[in-house]
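Here's the structure, in structure tokens; my notes come after.
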Amino acid sequence: MLDNRLDKVSDKISYRISIITLDSHNAMPCKRAWSNLLEDFDGLEVSIFAAAEWGENPSALAETKAAIDKSDIIIVNLLFLEDHIKPILPLLKARREKCDAMIGVVCDADLVKLTRMGSLDMQAPESGAVALLKKLRGSSKPSSETGEKKMRMLRRLPKILKYIPGKAQDLRAWFLVMQYWLGGTDENI
Numbered sequence: 000m001l002d003n004r005l006d007k008v009s010d011k012i013s014y015r016i017s018i019i020t021l022d023s024h025n026a027m028p029c030k031r032a033w034s035n036l037l038e039d040f041d042g043l044e045v046s047i048f049a050a051a052e053w054g055e056n057p058s059a060l061a062e063t064k065a066a067i068d069k070s071d072i073i074i075v076n077l078l079f080l081e082d083h084i085k086p087i088l089p090l091l092k093a094r095r096e097k098c099d100a101m102i103g104v105v106c107d108a109d110l111v112k113l114t115r116m117g118s119l120d121m122q123a124p125e126s127g128a129v130a131l132l133k134k135l136r137g138s139s140k141p142s143s144e145t146g147e148k149k150m151r152m153l154r155r156l157p158k159i160l161k162y163i164p165g166k167a168q169d170l171r172a173w174f175l176v177m178q179y180w181l182g183g184t185d186e187n188i
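Numbering (numbering that gives the first Met the number 0), first residue to last: 0 to 188.
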């Protein structure tokens, strides 16, 4: 079972980050990155919750729900199955406006739409940045594009958005979060 809190934190927790993902494959890079951050951010708590554990361990789901209710930043990643989305979606919706940021990357569209970071709000009516994102995304019809071509575009978008002011900078940050998370190294996390 995944130990949700990555390590012993100081007695006073002042900021909480929760990462809710399919499994614990990024737990070790997160733990090492968090250890480095503690030098500059005393009181930081980073927790990872693996949805794959919820079926056989109901207390893991209960811990995830409790963390959602207290987190300052919530990152949701790799959740596509209804069994994983349904138990937490109402809680995420309720917490969305109360936390500093909620980020959905590489997950179900309902979770991505909850993304709110800086001035980027994926639920807001289509503005320049979100409209641009949808145009760049292309058609929702099945495509013969290779994963390699899509990854090239993912790497290229932040470089393009760098030169567009305003909300595009928060959209760029969202793409960078996705890109870094997919990299999964200590430095990227």
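Glycine residues also receive a C-beta, built at the ideal position from the N, C-alpha and C atoms. From a predicted model like this one, the values you see are computed outputs, not experimental measurements.
Along the chain, where does the alpha helix (DSSP H) containing residue i start, and where does it finish?
{"i": "residue 174", "result": "166–182"}
{"i": "residue 62", "result": "57–69"}
{"i": "residue 38", "result": "Taken as a continuous stretch (DSSP letters only), residue 38 belongs to no alpha helix (DSSP H), as it is neither H nor E."}
{"i": "residue 159", "result": "146–160"}
Please report the residue range of the beta strand (DSSP E) in which residue i lies.
{"i": "residue 104", "result": "100–104"}
{"i": "residue 72", "result": "72–76"}
Who are residue i's beta bridge partners in DSSP?
{"i": "residue 44", "result": "15"}
{"i": "residue 87", "result": "Note: residue 87 sits in no beta bridge, so no partner."}
{"i": "residue 119", "result": "116"}
{"i": "residue 49", "result": "20"}
Starting from the C-beta of residue i, find all residues in its chain whose C-beta is less than 7 angstroms away, skip the five residues before and the five after it, and write them out in chain order.
{"i": "residue 103", "result": "75, 110, 111, 113, 114"}
{"i": "residue 185", "result": "28, 31, 32"}
Expressed to the nearest angstrom, what Euclidean distance is found between the alpha-carbon atoms of residue i and residue j?
{"i": "residue 168", "j": "residue 178", "result": "15 angstroms"}
{"i": "residue 70", "j": "residue 42", "result": "13 angstroms"}
{"i": "residue 37", "j": "residue 85", "result": "33 angstroms"}
{"i": "residue 80", "j": "residue 159", "result": "33 angstroms"}
Can you tell me which of the three DSSP states residue i falls into?
{"i": "residue 114", "result": "coil"}
{"i": "residue 82", "result": "helix"}
{"i": "residue 95", "result": "coil"}
{"i": "residue 124", "result": "coil"}
{"i": "residue 185", "result": "coil"}
Please list, in chain order, all residues of the same chain as residue i whose beta carbon is under 8 angstroms from its beta carbon, the five residues on each side excluded.
{"i": "residue 98", "result": "70, 71, 72, 73"}
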